[in-house]
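K.L.:
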Amino acid sequence: MSAGIDRYFRSLVDMYVSTIVFTSLIILSLGYFQLAFPLDHSNGINKSLEYNNHTSYSILPGNTSQKNEALPYPNINWENPSAVEQAKIFSPQRVEKVSDGIYSAIGYGVANVMMVEGTDGIIIVDTGNSVDQAQKILQAFRDITSKPIVTVIYTNSHPDHTGGAGVFVEDGLKTGNKVDVIAQESILGSYYASYGMLAQQRSIANLFWGGLLLPKNDTDSVISYGIGPSWISGNRSFIKPTIFFNETLDTNISGVNIKLVHAPGETLDNIIVWLPKQRVLFAGDNIYQAFPELSSMTGAKYKDVPQWISSLDKMRSLNASYLVPSHTVPVLGYENVTDVLTSYRDGIAFVYDQTVRFINKGLTPDELIQAVILPQYLRDHPWLQERYGQLSWSVRGIYSGLVGWNTGDATWFNPVTPEERGNKIVQSVGGSDRAISLIRASIKDGDYKWAAELATYVLNAYPDNVEAKLLKAGALRIMGWESPTSGARNWYLTQANILEGNINATTIMNQPKYNTLDEAIATVPIKNILSFLQYRLDPLKSQNTTATLGIYLNDTKEGYTLEIRRAVLEYKDSFPTKYDIALYTNSDILKEVLLGQSNLQKAVDLGIAKIVGGNVTGLNNIANLFEYKLKAPIHRIQGVN
């Protein structure tokens, strides 16, 4: 019984770990936990000259019998100067004084941590992404003041804002004082959603976007995160808020008058923190010294752009003299703040308004990205450079959010498969050898976009074509080197390294052990965990199955139902009146079993868990109906063999 039940619950862990542990950074979610994927370099390509020379690159592995020809690289710098310049603002790690008693810790992690010094205590605005980051910043703050921490404020739910909260709360509690944690009332829903149905897809995308699998100290390494330094993983300590508010909250904390305002933008739960006496505005994620991601590369929900514009207008109306973003650097002086906020607002508004204008003219997304171009004065503004988001991504996202998938061309209502399209295009240019020649010619001519696209068609038709993989990798690498945008660079270079075999794509699907797993599950309600199972049910295995599983928590008096009806799972927040098998236990025991910390058999033997109406075989049969891991890496990328 022990082995069977234990396997059942460990299978639940397998199902949940990919959903729970991998989170959207950033969202943001991304790659917010410590990543320890084993990288396989056994299939790495043979570099004929050092990277720094950029003169040639072997595009075929040494163990292939095909002709080994060098791929000439242009004489370009592998570090885009604009990206390098942006990275300088995050180094060295430092605490900047914004105004009397107000400080921002920059460069310790992707997000800043801010401190407001009151008469007899200090307020922490955002807490960083990890315990380690928070500890370093707390030590730096302690060089400024020894006053106790009395309040923590989250500007949004992203882990890089909430992951170090435990450090600051614990430090405040040492003084015997109560420490309040304040946030907008929708924060928990947003936080738990990052562990939801698409968490695995987003976490994998975050690996690409954040460059977390790229080599260190190499021409392909990460330069920065665009709005912060390269991601540094570590333990996280999220503390649930003790005070929630809806639209506004006026309060006085340690002698400091504070107004908190709900101001959605990058996130729906984002707030701004306004200190009217000091004329200081904490912006959260509503503004960075970089063009925003109005549409996420990693699959985050569509962002309400008009709402973001409205939030910026709220910020402008305050006439602040100091602007303190949760990323990048503070802006000092009324005129500078006004210019930055107005230009940022107008840049976003222009993109949205003109996209809508051209949609009404019938333009498709591919046409829109050519038509919507910022006016020169906005294009040149230092806070609208495409170092984090790109205008073209924003345009595509706005189109998709407003119009959907239909571009108006009936050709694409029921198109041919990618395999068919690839085969037909390759044949139309004269076959695979001819296509390879055209790819080489495009690279030689500097047309890397077409080279990568044509190589993709070849690979859709012939997935094992080594030369196409390596030529595509070469084109992507050059585009990555040239890109000023952090996410684009990292994605290009990650995909290139996978195609070359430097990163084993299959390891992306492995579930490594994380030292933050306990904290992750501890913060997610059991009902959320159980409801995620509906996205794991394998229809082929369950097409002929009908079964009802009941779970009852003795300590909280809560019950749950998992009912399988021939390839469909219905979850209910109630215990079933009729069931095939049921588990009775306590919530802490269930979570410990899910974490692999407790053995269910021992719990049964001790009388703190009970199984009714079935046996080990029945539980195993139910568990085996679910898919534990995705079967293929994102976009079916496979490296050379």
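Per the numbering used here, the sequence shown starts with residue 142, numbered consecutively.
C-beta: ideal position from N, C-alpha, C; glycine also.
State yes or no: is the C-beta of residue 478 within less than 8 angstroms of the C-beta of residue 492?
P.N.:
Contact: no.
K.L.:
At the level of alpha carbons, what is the spacing between residue 727 and residue 741?
P.N.:
Approximately 11 angstroms between the Cα atoms of the pair.
K.L.:
Using alpha carbons as the reference points, say which of 381, 364 and 485 lies closest to residue 373.
P.N.:
Selected option, being the one with the closest Cα: 364.
K.L.:
Considering only residues of the same chain and omitting the five flanking positions on each side of residue 326, which have a CB-CB separation below 7 angstroms?
P.N.:
Cβ within range, chain order: 385, 386 and 387.
K.L.:
Determine, using beta carbons only, whether residue 400 and residue 382 come nearer to each other than 8 angstroms.
P.N.:
No, the pair does not count as a contact, with Cβ atoms beyond the cut-off.
K.L.:
Do the stretch 221–241 and the stretch 443–455 meet, that is, are 3 or more Cβ pairs less than 8 angstroms apart?
P.N.:
Because the criterion of three Cβ pairs below 8 angstroms is not met, the stretch 221–241 and the stretch 443–455 do not touch.
K.L.:
Could you give the distance in angstroms between the alpha-carbon of residue 302 and the alpha-carbon of residue 583?
P.N.:
Spanning the two alpha carbons is a distance of roughly 44 angstroms.
K.L.:
Nearest-angstrom Cα distance between residue 618 and residue 521?
P.N.:
Roughly 27 angstroms between the two C-alpha positions.
K.L.:
Terminal residues of the continuous beta strand (DSSP E) containing residue 415?
P.N.:
Here the beta strand (DSSP E) through residue 415 covers 412–416.
K.L.:
Skipping 5 residues on each side, what residues in its chain have a beta carbon closer than 7 angstroms to that of residue 623?
P.N.:
If we look at residue 623 and ignore the five residues flanking it on each side, its Cβ neighbours are 217 and 221.
K.L.:
When DSSP builds the beta bridges, which residues end up paired with residue 299?
P.N.:
According to DSSP, which records beta bridges pairwise, residue 299 is partnered with nothing at all.
K.L.:
Just how far apart, CA to CA, sit residue 745 and residue 734?
P.N.:
Going by the C-alpha atoms only, they are around 12 angstroms apart.
K.L.:
If you count every other CB in all the chains shown that lies within 10 Å of the CB of residue 707, and 16 or more means buried, which is it?
P.N.:
Counting Cβ neighbours within 10 Å, residue 707 comes out exposed, since fewer than 16 surround it.
K.L.:
Looking at C-alpha atoms only, which residue of 524, 396, 480 and 352 is the closest neighbour of residue 430?
P.N.:
Considering only alpha carbons, the answer is 524.
K.L.:
Where DSSP assigns a beta bridge to residue 703, which residues make up the other side?
P.N.:
Note: residue 703 sits in a beta bridge opposite 690 and 712.
K.L.:
Return helix, strand or coil for residue 252, following the three-state DSSP convention.
P.N.:
Residue 252 falls in the coil class under three-state DSSP.
K.L.:
Between the stretch 252–263 and the stretch 280–294, can you find at least three pairs of beta-carbon atoms closer than 8 angstroms?
P.N.:
The answer is yes - the stretch 252–263 touches the stretch 280–294, with three or more Cβ pairs under 8 angstroms.
K.L.:
From the DSSP output, read off the bridge partner residues of residue 748.
P.N.:
Bridge partners of residue 748: none, in fact.
K.L.:
Secondary structure at residue 174, three-state DSSP: helix, strand or coil?
P.N.:
Because residue 174 carries a pLDDT of 26, less than 50, the predicted location of this residue cannot be relied on, and no value is offered for it.
K.L.:
If you pair each beta-carbon of the stretch 695–712 with each one of the stretch 675–687, do three or more pairs fall below 8 angstroms?
P.N.:
At 8 angstroms Cβ cutoff, the stretches touch.
K.L.:
Grab the span of the alpha helix (DSSP H) containing residue 609 for me, first residue to last.
P.N.:
Taken as a continuous stretch (DSSP letters only), the alpha helix (DSSP H) holding residue 609 covers 607–623.
K.L.:
Could you check the C-alpha separation between residue 700 and residue 724 for me, to the nearest Å?
P.N.:
Whole-angstrom Cα-Cα distance: 10 angstroms.
K.L.:
Reducing DSSP to helix, strand and coil, say where residue 229 ends up.
P.N.:
Helix, per DSSP.
K.L.:
From what residue to what residue does the beta strand (DSSP E) around residue 393 run?
P.N.:
Counting along the chain, the beta strand (DSSP E) containing residue 393 begins and ends at 389–394.
K.L.:
Going by beta carbon distance, what residues of the same chain come within less than 7 angstroms of residue 766, once the five residues before and after it are set aside?
P.N.:
So the qualifying residues of the chain are 678, 679, 682, 683, 686 and 705.
K.L.:
If distances are taken between C-alpha atoms only, which option among 572, 239 and 496 comes closest to residue 138?
P.N.:
The structure shown does not extend to residue 138, since the chain is modelled only from 142 through 782, so no value can be given for it.
K.L.:
Rounding to the nearest angstrom, what Cα-Cα distance links residue 154 and residue 749 in this structure?
P.N.:
With a pLDDT of 33 at residue 154, under the threshold of 50, the predicted position of this residue should be treated as unreliable, though the coordinate-derived value follows. Cα to Cα, the separation comes out at about 20 angstroms.
K.L.:
Could you round the C-beta distance between residue 467 and residue 228 to whole angstroms and report it? I think they count as a contact, below 8 angstroms.
P.N.:
Their Cβ separation, rounded to whole angstroms, is 18 angstroms, which puts residue 467 and residue 228 out of contact at 8 angstroms.
K.L.:
For residue 466, write down the residues that DSSP places opposite it in a beta bridge.
P.N.:
Partner(s): 425.
K.L.:
Can you check whether the CB of residue 612 is closer than 8 angstroms to the CB of residue 629?
P.N.:
The answer is no: Cβ separation not under 8 angstroms.
K.L.:
What's the C-alpha gap between residue 781 and residue 438?
P.N.:
One C-alpha to the other measures close to 26 angstroms.
K.L.:
Please state whether the Cβ-Cβ distance between residue 313 and residue 320 is less than 8 angstroms.
P.N.:
Contact flag set, yes.
K.L.:
Within a Cβ cutoff of 6 angstroms, which residues of the same chain sit near residue 367, ignoring the five residues on either side of it in sequence?
P.N.:
Same-chain partners within the cutoff: 431, 528, 529 and 627.
K.L.:
Could you check whether the stretch 349–357 touches the stretch 634–647, counting it as contact only if at least three pairs of C-beta atoms, one from each stretch, sit closer than 8 angstroms?
P.N.:
Segments in contact, yes.
K.L.:
In whole angstroms, what separates the C-alpha of residue 762 from that of residue 674?
P.N.:
Approximately 15 angstroms, taken between the alpha carbons.
K.L.:
Consult DSSP for residue 676 and reduce its assignment to one of helix, strand or coil.
P.N.:
Looking at residue 676 - three-state DSSP - the assignment turns out to be helix.
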